[in-house]
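The structure under discussion appears below in the form of structure tokens.
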Amino acid sequence: MKSSSSLVRHLLNAPYFTSLVTVSLLLLMLVAGGVAYTGFLSVQVLCNLLIDNAYLLILATGMGLVILSGGIDLSVGSVMALSTMLCAYFLQSWQWPALIVIPIVLFLGALFGAVMGGMIHYFKLQAFIVTLGGMFLARGICYLISINSITIEDQWFVSLSHMQFTVLDAFISPGVVIALLMLVVTIIVAHYTAFGRTVYAIGGNEQSALMMGLPVARNRILVYAFSGFCAALAGVVFSFYMLSGYALHAQGAELDAIAAVVIGGTLLSGGVGYIAGALSGVFVLGTIQSLIAFDGTLSSWWTKIVIGALLLIFCVVQRLMQVGARRL
Numbered sequence: 002m003k004s005s006s007s008l009v010r011h012l013l014n015a016p017y018f019t020s021l022v023t024v025s026l027l028l029l030m031l032v033a034g035g036v037a038y039t040g041f042l043s044v045q046v047l048c049n050l051l052i053d054n055a056y057l058l059i060l061a062t063g064m065g066l067v068i069l070s071g072g073i074d075l076s077v078g079s080v081m082a083l084s085t086m087l088c089a090y091f092l093q094s095w096q097w098p099a100l101i102v103i104p105i106v107l108f109l110g111a112l113f114g115a116v117m118g119g120m121i122h123y124f125k126l127q128a129f130i131v132t133l134g135g136m137f138l139a140r141g142i143c144y145l146i147s148i149n150s151i152t153i154e155d156q157w158f159v160s161l162s163h164m165q166f167t168v169l170d171a172f173i174s175p176g177v178v179i180a181l182l183m184l185v186v187t188i189i190v191a192h193y194t195a196f197g198r199t200v201y202a203i204g205g206n207e208q209s210a211l212m213m214g215l216p217v218a219r220n221r222i223l224v225y226a227f228s229g230f231c232a233a234l235a236g237v238v239f240s241f242y243m244l245s246g247y248a249l250h251a252q253g254a255e256l257d258a259i260a261a262v263v264i265g266g267t268l269l270s271g272g273v274g275y276i277a278g279a280l281s282g283v284f285v286l287g288t289i290q291s292l293i294a295f296d297g298t299l300s301s302w303w304t305k306i307v308i309g310a311l312l313l314i315f316c317v318v319q320r321l322m323q324v325g326a327r328r329l
């Protein structure tokens, strides 16, 4: 009895437990889709999950690092939309070459995030409020640039938009390659560098991190700068996908990114989780969308309903796990 209790305690305390639950849920949905719908498990359908959600995977990668540090970033969807607008405006109105536009947009995204990170740390402000203000600011700037959609006709952007990489009997887009590379790089940074270990320490207990002499201020600013960079990169990738900049792009994307991170097994309170969980979280959200699309009789709003229910369930399960682990 004691050994079984110890096993349960170990399982509940394991940081990978919710990630395993997410992967199990994903496999269950894929199998159910494969049984119910012909062609659901084809390689191209699975690749389409990545093609359609490459931008979300990039957002979730940056958001995962922020949440691990004990913070939140509500501005990423608006920064992403602003990045599409800046790309389109610089390319179409100013006729700047794409190889100059993209680094400028990425730098501005990182700078935007760094400023918010500095405000959060040095002024002791709530991340929720600061990033909410950033969300409104970035979205408002979009409308200052243009209230209409700006079509991107730059030849380099168009060529990249149509480029495909063959995978088995299917294909993926350059956006998928960029998203997976960002995920791999972030996993390495989060789990195999001093910076990543400090992020976990800050999320676990900021006061303890300060007492240990860890560079809390620098790392918090870098975390939000990285999130802003990821949001800008997601905007660039989305520009390849849509070939346009529009102020209404990525509405609610910040909430989808948070949902993907939490469903992927990262605790909202910070300090526990894996960056790789963002991939399984994004796959879960994409699979839900695909199941509803294959069904054909359900409204697209069911996607939000199911995602919302899953998010609530995962939050409750995480809380019950923490309480249960302490009692055992």
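Quick note: the sequence shown, position 279, residue 280 per this note's numbering, numbers continuous.
Even glycine gets a Cβ: it sits at the ideal position worked out from N, Cα and C.
Of the residues the options, the one placed nearest residue i, counting alpha carbons only
i, options, result
"D155", "I142, N149, L109 and C88", "C88"
"I68", "W303, F91, I293 and A128", "A128"
"L246", "L268, L223 and Y90", "Rather than Leu, the amino acid found at residue 246 in this sequence is Gly. Measuring from the Cα of G246, the nearest candidate turns out to be Y90."
"G34", "Q290, A310 and W302", "Q290"
"L112", "R198, A251, G135 and I314", "G135"
"M243", "S160, V36 and L75", "S160"
"L249", "D53, L83 and T62", "L83"
"L145", "F108, M86, P98 and G205", "M86"
"V131", "I293, V32, I222 and A310", "I222"
"A260", "L50, A55, F18 and A61", "A61"
"F124", "A218, S76, G40 and H163", "A218"
"G204", "I103, T267 and A310", "T267"
"I293", "V24, L26, Y38 and G282", "Y38"
"F315", "I264, I179, L169 and W97", "I264"
"A171", "L313, Q45 and F108", "Q45"
"I105", "G274, V185, F230 and S300", "F230"
"Q93", "I151, F166 and N54", "I151"
Delimiting residues of the beta strand (DSSP E) encompassing residue i
i, result
"A254", "Per DSSP, A254 belongs to no beta strand (DSSP E); it is in the alpha helix (DSSP H), A254 to I264."
Buried/exposed call for residue i, threshold 16 Cβ in 10 Å
i, result
"Y319", "The sequence shown places Gln at residue 319, not Tyr. So Q319 ends up on the buried side."
"R140", "buried"
"H122", "buried"
"I101", "exposed"
"F158", "buried"
"S43", "exposed"
"C143", "buried"
"K3", "Low confidence applies here, because K3 scores a pLDDT of 48, under 50, leaving its location unreliable and the question unanswered by this model."
"D74", "buried"
"L234", "buried"
"G381", "Residue 381 lies beyond the stretch modelled for the chain, which goes from 2 to 329, so this question has no answer here."
"T194", "exposed"
"I153", "buried"
"L280", "buried"
"F241", "buried"
"F239", "buried"
"T304", "buried"
"M64", "buried"
"F41", "buried"
"S270", "exposed"
For residue i, the three-state DSSP class (helix, strand or coil)
i, result
"V168", "strand"
"I105", "helix"
"T152", "strand"
"I142", "helix"
"I52", "helix"
"G214", "coil"
"I59", "helix"
"I289", "helix"
"M2", "Unreliable placement is indicated for M2, whose pLDDT of 46 sits below 50; the coordinate value is still reported in the next sentence. The answer is coil: DSSP assigns M2 none of H, G, I, E or B."
"G197", "helix"
"G297", "coil"
"G278", "helix"
"G110", "helix"
"G272", "coil"
"G40", "coil"
"A310", "helix"
First through last residue of the alpha helix (DSSP H) which encompasses residue i
i, result
"W157", "Q156 to H163"
"F124", "Careful: F124 lies outside any alpha helix (DSSP H) and carries neither H nor E."
"A232", "V217 to M243"
"G34", "F18 to A37"
"A191", "P175 to Y193"
Chain B within 9 Å of residue i, Cβ atoms only
i, result
"W303", "No chain B is present in this structure, which holds just one protein chain."
Inset, instruction - May I have a chain-ordered list of the alpha helix (DSSP H) segments no shorter than 4 residues that lie completely inside the stretch 64 to 108? - result: 77 to 93
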